[in-house]
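Shown next, in structure tokens, is the structure this report addresses.
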Amino acid sequence: MAKSTHAWIPWLRFIRQRLGQRLHFWPFDGWDIPAGRSAIAEVYPALWSRSFANEDRTSDQHDAYSIAAWLSRADRDGSLAAFSTPTFRRRSARWRRWRGWILGVPGLIREPGPNHAGIQNHARH
1 MAKSTHAWIP WLRFIRQRLG QRLHFWPFDG WDIPAGRSAI AEVYPALWSR
51 SFANEDRTSD QHDAYSIAAW LSRADRDGSL AAFSTPTFRR RSARWRRWRG
101 WILGVPGLIR EPGPNHAGIQ NHARH
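No gaps in the numbering here: position 98 of the sequence shown is 98 in the numbering used here, and each next residue is one more.
Pasting the structure below:
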């Protein structure tokens, strides 16, 4: 795991303790994000950043803008639910619980077979 991931774990715990059930940790709390809840999910800005003009933003600012703009658009056009529910050949609840996922990569994730861990293919958009 990356150093930044470890740095955020205590903050995520703090946020969970403060907000309780008003917050949904996707996908660990389930694939479907209940209406009226805020969600925390891992995203990969490179999936969407080329879809939006950079204007005068720094790289980090443009990544944040791109994710916010993509989420807003996907929510408005009704496609967000499809992006938050990956498809699997095998429906192993136990296997899905311990894996982390990147929001926006549905159907591009293969389940681990006997000789490999889960592989994420490049996104199509």
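Just so you know, even glycine gets a beta-carbon here, dropped at the ideal spot from N, CA and C.
| Item | Value |
| --- | --- |
| On the three-state DSSP scale, how would you describe Ile102? | strand |
| Are the beta-carbon atoms of Phe83 and Ala69 separated by less than 8 Å? | no |
| From Ala46 to Ala64, what does the alpha carbon distance come to, in whole angstroms? | 11 Å |
| Just confirm the distance between the C-beta atoms of Ile40 and Phe25, as a whole number of angstroms; I'd bet it's less than 8 Å. | 5 Å |
| DSSP three-state call for Ala64: helix, strand or coil? | helix |
| Are Leu23 and Arg37 close, meaning C-beta to C-beta below 8 Å? | yes |
| For Ser38, name the three-state secondary structure that DSSP assigns. | strand |
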